[in-house]
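Residue numbers (my numbering): 25 to 283.
Step one of this worksheet: look at the structure below.
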Amino acid sequence: MRKVLDWITWQRISADQIGFKNLEQESRTLILYSLFYILLAFGVGNLIIHFPQPILGAKEFVQDFWYAAVFKFSFLFILPSLIFFKRWKYGIQDLLFGLKPKIGMNIKGALLITIGFLLNIRHIPRVSEAMPSFEDAGFRLILGIVIPLLIAGLPEELFFRGMLQTRLEKLWNTPIAILVSGLLFTAWHLPSRYLLANGVEGQAGDWVSILLGTGLPVFLVSCFFGWHWARYRNLPLLIGVHWAIDILPSLSSFFGVSN
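Structural data, given as structure tokens:
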């Protein structure tokens, strides 16, 4: 039992080994920003209800201009990056922690990315069937693959794991940091789904279905990603796996396929 616990709690780089310029102020800023982001989700959800701007007529609201370009890309990637890299003057090396890819790590990474992609394999036949109906199928294919990286994999892992969780680990401890960052990560998903979801993520206006369809699975995945981040500090891998999970649902949306 002791060996299992030691394996679970082992860390390549513990939070105690990481130096921060102003731990308490940075942690407070990131927590407050996370709470603001939850409130922003309500505003963006209402914008989509009243002034929808689906990109290329995408079927799902996550490919709406307000959600993808404003809510996710601008407020979860651009603005936090400006704070982190420009205002706080951290660099990429402060997120990699001396990561040196090895053969075993690359094999494991490729396997996890493949598993992430295959989680949504059910979309492939329907996307393949729909593609010939679109003259701009090639462009939609590229967009459907790239957008999940820019609005999901990259910003979400960068902010909630790389920036937020790392600081909370040192401020408190690793289990609490994983729990709190996971809850905050889950919370911002809920308002937009409550306002707009219609499918596997729940039904708009029904909190029970939203909590079961979105909240529970997102929280469990977030806890796994949080544990993996605390253990390995491998941000590129988390970004890659997260991206892979979202690619096929994104393509389904751009090709008008229902989930």
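Each residue gets a CB set at the ideal place from its N, CA and C atoms; glycine is no exception.
So, at 6 Å on beta carbons, what are the nonlocal neighbours of L188 in its own chain, with the 5 sequence-adjacent residues on each side left out? Sequence index remark: in the sequence shown, residue 188 carries index 164 (1-based). L54 and S205, listed in sequence order.
Taking the alpha carbon of M129 as the point to measure from, which residue in F279, R257 and S277 has its own alpha carbon closest? Residue mapping note: residue 129 aligns to position 105 of the sequence shown, counting from 1. Relative to the Cα of M129, the nearest Cα in the group F279, R257 and S277 belongs to R257.
8 Å Cβ cutoff met for K194 and D40: Against the sequence shown, residue 194 aligns to sequence position 170. Against the sequence shown, residue 40 aligns to sequence position 16. Yes; because the gap between Cβ atoms is below 8 Å, this pair is in contact.
Scan the segment 124-153 and note each continuous alpha helix (DSSP H) run of 4 residues or more that stays entirely inside, going in chain order. Runs of the alpha helix (DSSP H) inside the segment 124-153: 127-142.
Taking DSSP as the reference, what is the three-state secondary structure of G226? As a first step, residue 226 is located in the sequence shown; it is residue number 202 there, counting from the start. Note: G226 maps to strand in three-state DSSP.
D88 by DSSP, collapsed to three states: which one? Here residue 88 corresponds to residue number 64 of the sequence shown, with the count starting at 1. Look at D88 here: in three-state DSSP terms it is strand.
Please look up how many angstroms separate the CB atoms of D270 and A176, rounded, as I've assumed it's under 8 Å. Numbered from its first residue, the sequence shown carries residue 270 at position 246. Numbered from its first residue, the sequence shown carries residue 176 at position 152. Taking 8 Å as the upper bound for CB-CB distance, D270 and A176 are in contact here, some 5 Å apart.
Closest to V242 by C-alpha separation, out of R255, E225, D160 and W251, would be which residue? Along the sequence shown, read from residue 1 onward, the residue named residue 242 stands at position 218. E225 is the residue among R255, E225, D160 and W251 whose C-alpha sits nearest the C-alpha of V242.
Rounded to a whole number of angstroms, what is the C-alpha to C-alpha distance between S232 and A161? Position 208 of the sequence shown holds residue 232. Position 137 of the sequence shown holds residue 161. It is Val, not Ser, that sits at residue 232 in the sequence shown. The alpha-carbon atoms of V232 and A161 are separated by roughly 37 Å.
Any 3 or more C-beta pairs closer than 8 Å across the segment 234-248 and the segment 91-105: No, the segment 234-248 is not in contact with the segment 91-105.
The alpha helix (DSSP H) spanning N70 covers which residue range? What you label residue 70 is simply residue 46 of the sequence shown in a count that begins at 1. In the DSSP assignment, N70 falls within the unbroken alpha helix (DSSP H) covering L47 to H74.
At the level of alpha carbons, what is the spacing between F184 and L203? Here residue 184 corresponds to residue number 160 of the sequence shown, with the count starting at 1. Here residue 203 corresponds to residue number 179 of the sequence shown, with the count starting at 1. Note on geometry: alpha-carbon atoms of F184 and L203 lie some 11 Å from one another.
Same chain, Cβ closer than 6 Å to A211, five either side skipped, listed in chain order: Counting from 1 along the sequence shown, the entry for residue 211 is found at position 187. These residues qualify, in order along the chain: I62.
Any chance you could list the beta strand (DSSP E) runs of at least 3 consecutive residues sitting entirely within the segment 195-251, in chain order? Runs found: none.
Considering only the beta carbon of each residue, do W112 and E50 sit closer than 8 Å? Against the sequence shown, residue 112 aligns to sequence position 88. Against the sequence shown, residue 50 aligns to sequence position 26. Yes, they are a contact pair.
For V28, count the other beta carbons within 10 Å of its own beta carbon; 16 or more makes it buried, fewer makes it exposed. Which is it? Here residue 28 refers to the residue found at position 4 of the sequence shown. With fewer than 16 other Cβ atoms within 10 Å, it is exposed.
Is any heavy atom in the ligand ADP found nearer than 7 Å to the beta carbon of R255? Summarising the ligand content, the structure contains no ligands, and the ligand ADP is consequently not present.
For L214 versus T190, is the C-beta distance shorter than 8 Å? Here the question's residue 214 lines up with position 190 in the sequence shown. Here the question's residue 190 lines up with position 166 in the sequence shown. In this structure, T190 does not lie closer than 8 Å to L214 by Cβ.
Leaving out the 5 sequence neighbours to the left and right, which residues in its chain are closer than 8 Å to F44 when beta-carbon positions are compared? One-based indexing of the sequence shown puts residue 44 at position 20. If you ignore the 5 residues before and after F44, its C-beta comes within less than 8 Å of the C-beta of E50, R191 and K194, all in its own chain and listed in chain order.
Should F209 be labelled buried (16 or more other beta-carbon atoms within 10 Å of its own) or exposed? Counted from its first residue, the sequence shown places residue 209 at position 185. With a 10 Å radius around the Cβ and a threshold of 16 neighbouring Cβ atoms, F209 comes out buried.
Looking only at its chain, what residues have a beta carbon closer than 7 Å to the beta carbon of L143, apart from the 5 residues adjacent to it on each side? Taking the first residue of the sequence shown as position 1, residue 143 is located at position 119. Excluding its 5 nearest sequence neighbours in each direction, L143 has C-beta neighbours in its own chain below 7 Å: I269, listed in chain order.
P78 - containing alpha helix (DSSP H), residue span: Within the sequence shown, residue 78 is the residue found at index 54, counting from 1. Note, P78: premise wrong, no alpha helix (DSSP H); not H, not E.
Looking at the structure shown, is R257 part of a helix, part of a strand, or coil, going by DSSP? Taking the sequence shown and counting its residues from 1, one reaches residue 257 at position 233. In this structure, R257 counts as coil in the three-state DSSP scheme.
From L275, L220 and A201, residue whose alpha carbon lies closest to that of V68: Within the sequence shown, the letter at position 44 stands for residue 68. Closest option to V68, Cα to Cα, is L220.
In this structure, how does DSSP classify I37 when only helix, strand and coil are distinguished? Residue numbering aside, residue 37 sits at position 13 when the sequence shown is read from its first letter. Residue state, collapsed to three classes: coil.
Between the beta-carbon of E180 and the beta-carbon of L100, is there less than 8 Å? In the sequence shown, the residue the question calls residue 180 occupies position 156. In the sequence shown, the residue the question calls residue 100 occupies position 76. Judged by beta-carbon spacing, L100 lies within the 8 Å limit of E180, meaning their Cβ atoms are closer than that value.
In terms of residue numbering, what span does the alpha helix (DSSP H) encompassing F163 cover? Within the sequence shown, the letter at position 139 stands for residue 163. Secondary structure note for F163: its alpha helix (DSSP H) is the uninterrupted segment A161 to P172.
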